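Everything on this sheet refers to the single structure shown next.
Residue numbers (the numbering used here): 187 to 440.
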């Protein structure tokens with residue numbers, strides 16, 4: 187991992203931090219590679235069940251590093267997309283902890299997450315049309331799947347900034363915290379998620395995402411392919427035993 191992407195783990199939760207505060211955490215090639223490496227490493231760790239993505243210095247991410255891009259430093263990876271994330275998010279639940287600005291590619295990184303916790307001062311937007319560009323890192327594809335069509339079109343076509351409170355009203359932001367509290371709020375949510383069985387979490391996320399493309403005729407068969415190994419796992423037996431014995435389960439990811 188580079189100094190531009192930091193990783194910390196604590197109690198089943200890992201925090202990935204974009205660490206370029208002087209550049210408002212703009213994404214360059216090093217950040218993209220760092221995020222991709224962190225995701226691969228953390229997805230493979232059995233003792234980590236939930237991830238948090240945030241930015242250092244009071245800003246989530248201002249998007250692409252334009253100066254770096256003009257110098258030939260491309261902030262996307264083959265097969266992984268912008269930030270090493272948008273085309274290949276982790277298998278485990280990922281929460282965006284947003285302070286300050288999440289603009290352009292920064293908003294698209296947040297949209298690649300499964301949940302968003304934002305401070306009351308956070309601002310979101312896809313300003314690409316104001317620059318003659320298109321939000322091509324997943325923003326205009328994911329946004330209308332998360333909020334009503336007309337609201338998504340307003341955000342996508344105006345290029346304006348929108349406060350966390352508005353996106354909370356639309357259901358895009360899960361929780362709004364006081365200023366400076368986004369990471370703490372995200373960690374609280376992540377730890378709650380991490381109390382659950384890791385195999386069940388990854389299977390649940392996979393079904394939620396993949397089932398959007400399943401037909402009614404095939405959806406239960408496809409779901410069975412994913413859930414049957416979970417029902418036959420040691421963790422499923424442990425969950426039942428823990429419930430019967432009135433104790434906390436000891437998950438093993440097996």
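No residue lacks a Cβ here, since even glycine has one placed at the ideal position from N, Cα and C.
Everything numeric in this text was worked out from a predicted model, so none of it was measured.
Where residue 226 is concerned, the enclosing alpha helix (DSSP H) starts and stops at 215 to 229.
In the three-state DSSP reduction, residue 435 falls in the coil class, being neither helix nor strand.
For residue 238, the CB contacts under 6 Å within the same chain, skipping 5 residues up- and downstream, are 201, 281, 283, 372, 376 in chain order. Residue 318 sits in coil when the DSSP states are folded into three classes, being neither helix nor strand. Nearest to residue 387 by C-alpha distance, out of 227, 234, 206, is 234.
Counting the other CB atoms within 10 Å of its CB gives residue 189 a total below 16, which places it among the exposed residues.
In chain order, 276, 277, 278 place their CB closer than 7 Å to the CB of residue 229, counting only its own chain and leaving out the 5 sequence neighbours on each side.
In this structure, DSSP gives residue 246 a state outside helix and strand, which the three-state scheme calls coil.
According to the DSSP assignment, residue 361 belongs to no alpha helix (DSSP H) but to the beta strand (DSSP E) extending over 361 to 363.
Residue range 405 to 417 is occupied by the alpha helix (DSSP H) that includes residue 410.
Pairing residue 204 with residue 193 gives a Cβ-Cβ distance that is not under 8 Å. Secondary structure note for residue 325: its alpha helix (DSSP H) is the uninterrupted segment 325 to 332. A residue is called buried when at least 16 other Cβ atoms come within 10 angstroms of its Cβ; residue 245 meets this threshold and is buried.
By the neighbour-count criterion, in which 16 or more other beta carbons inside 10 Å mark a residue as buried, residue 328 falls on the buried side. In the DSSP assignment, residue 194 falls outside any alpha helix (DSSP H) and within the unbroken beta strand (DSSP E) covering 191 to 196.
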